[in-house]
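Visitor: My questions all concern the structure below.
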Amino acid sequence: MEHFSAIRSLCRIGLENGDGRFRQQVERLRDRLKKAGDARDAQTLTDLLNAVESEGDLVPSSVEVSRSLVTGDELTANVHPPTDRETSVPLAEIVLRPGEGRPDPIYDETLSLALAGLATEWQRTDALRAMGVEPSYSSLFYGPPGTGKTLTAFMLAARLDLPVVNARIDGLVSSFLGTTARNIANLFDFANRYRCVLILDEFDALAKMRDDPHELGELKRVVNTLLQNLDARAGRGLTIAITNHDGLLDPAVWRRFQNHIRIGMPDAQTRLTMLRSFLASLDLGDDVLKILCYVAGARSGADLRTFADSLKRSLALSGEEPSPAAVAAATRGLLPRMGVDSKEMEPARLLVSDESGFIGSVLHADLGIRQDTLAQMFECSQSKISRASSDWESRERDARAEVSDGQ
Ligand SMILES: Nc1ncnc2c1ncn2[C@@H]1O[C@H](COP(=O)(O)OP(=O)(O)OP(=O)(O)O)[C@@H](O)[C@H]1O
Ligand SMILES: [Mg+2]
């Protein structure tokens, strides 16, 4: 339908006022579109009707406030991102529903508080302005690979009901002199024209230009363009940059972001919560989950997701019910593919090659695991479990004696 994006914006503003007659008219328009065979636009209006209803239930003013924070036209499926002039490759991907198909991220308490604080700041702009301060418009997420940085940026946008303009910086860096700076300027112009969260992913790709002496002049120009554009974007929309290598960033660029949020490796408690969520469909007992967590070791959320998915695949193919014994056997089969030779992977190594040692180490790792869970997992008698426990104790005693002999 022609001009549908403008109609959608009008509907949204009208619906937010909560007038029942207006709502009825939007529902009639939706029904007519459906009748006329325009299923996609009809669905957009249904989504809008539902969204305004649920926002009203949750935080009455959240949409109003984020509207004053982020300006511009509505992004729709008909809007195309800018492209690199030489290669015609798009400079960004537009994601209209950033929450769709993505799991809720899981964090430790400190990080949850930091992120909730950020979202509140963006939703309660009025309270901030009443105190004479502006909310922060730009954030830098940094931390090791696979910890959920990209997921977090998308879910924050979803929470604010904003689409995402997602730019991978390595896609902006062009081998043609002068083109990178122009690409950056075009990207920001585009993002500023629409209501959106601009995500600059793999942000450190810019810093890599420093490795090439021929690129140094270009890098300076690019960094200047970036700084100017970041400043100019304040007041138009939110920007989230993401990097794995914060140390590579130019200090001037680092300083330009108002928030620096480290998304680090999950602690043991958070890893357990992740596995509980990733494996919820198997309905495993807490003891089994704790053992899986112990075996998986200090891994990132992305690695734990892969581990959980592989486990589910393996159980599905075996055709067995996810009993403790089936889970133990499937896990043992997966571990050789996950690299079990590093020191932190000692529990995994034991599980693969020394079952009695593994049982002993679990019982002495302060996990609070009941002996009968281990007996079920390894299909063995209680007395074998007790023997494994005392064997482990004497192994530990011998190891300690060896250390003190050597000193
Ligand atoms: N904290 C988390 N909570 C829930 N799932 C997570 C978390 N971290 C990672 N995952 C899972 O791993 C996937 C990949 O995470 P994501 O791409 O966001 O990581 P990243 O930090 O951006 O990694 P990279 O630095 O390699 O780009 C997610 O889609 C999700 O399934
Ligand atoms: Mg990422």
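This note's numbering puts the first residue of the sequence shown at 2, with every later residue one more than the last. Using N, Cα and C, we set each Cβ at its ideal position, and we do this for glycine too.
Do S354 and G334 count as a contact pair if the criterion is CB distance below 8 Å?
Guide: no
Visitor: Could you check what DSSP says for F142 in three-state terms: helix, strand or coil?
Guide: strand
Visitor: Count the other C-beta atoms from every protein chain shown that fall within 10 angstroms of the C-beta of D304, then say buried if there are 16 or more, exposed otherwise.
Guide: The residue is buried, with at least 16 neighbouring Cβ atoms inside 10 Å.
Visitor: Among R41, A159 and A349, which has the Cα closest to the Cα of R103?
Guide: Of R41, A159 and A349, the residue nearest in Cα terms is A159.
Visitor: For I170, which three-state DSSP category applies?
Guide: helix
Visitor: Taking 5 Å as the limit, tell me which residues put their C-beta closer than that to any heavy atom of ligand 1, in chain order.
Guide: Listed along the chain, these residues meet the criterion: P106, I107, P146, G147, T148, G149, K150, T151, L152, N245, G302, A303 and R306.
Visitor: Pull up the distance between the alpha-carbon of V166 and that of S395, whole angstroms please.
Guide: Answer to the nearest angstrom: the Cα atoms are 60 Å apart.
Visitor: Which residues mark the beginning and the end of the beta strand (DSSP E) in which R263 is found?
Guide: N260 to R263
Visitor: Taking 8 Å as the limit between beta carbons, can you name the residues of its chain near T45, skipping five residues before and five after?
Guide: Only F5 and R9 meet the Cβ criterion.
Visitor: Assign A366 to buried or exposed, taking buried as 16 or more other Cβ atoms, counted over all protein chains shown, within 10 Å of its Cβ.
Guide: exposed
Visitor: Can you give the beta carbon distance from G144 to R263, rounded, assuming they're within the 8 Å contact cut?
Guide: 5 Å
Visitor: For A405 and E397, I'd like the C-alpha separation in whole angstroms.
Guide: Strictly speaking, residue 405 in this sequence is Ser, with Ala absent from that position. Each residue's Cα considered, the two are about 12 Å apart.
Visitor: Verify the contact flag: I170, CB atom, against every heavy atom of ligand 2, threshold strictly below 7 Å.
Guide: no
Visitor: Are the beta-carbon atoms belonging to S362 and P348 less than 8 Å from one another?
Guide: Cβ atoms of S362 and P348: closer than 8 Å.
Visitor: What are the boundary residues of the alpha helix (DSSP H) that A93 is part of?
Guide: A93 -> no alpha helix (DSSP H), and no H or E assigned at all.
Visitor: Helix, strand or coil, according to DSSP, for T226 in the structure here?
Guide: helix
Visitor: Shorter than 7 Å, the distance from the beta carbon of I243 to the closest heavy atom of ligand 2, or not?
Guide: yes
Visitor: Could you tell me whether any non-hydrogen atom of ligand 2 is closer than 7 Å to the CB of D288?
Guide: no
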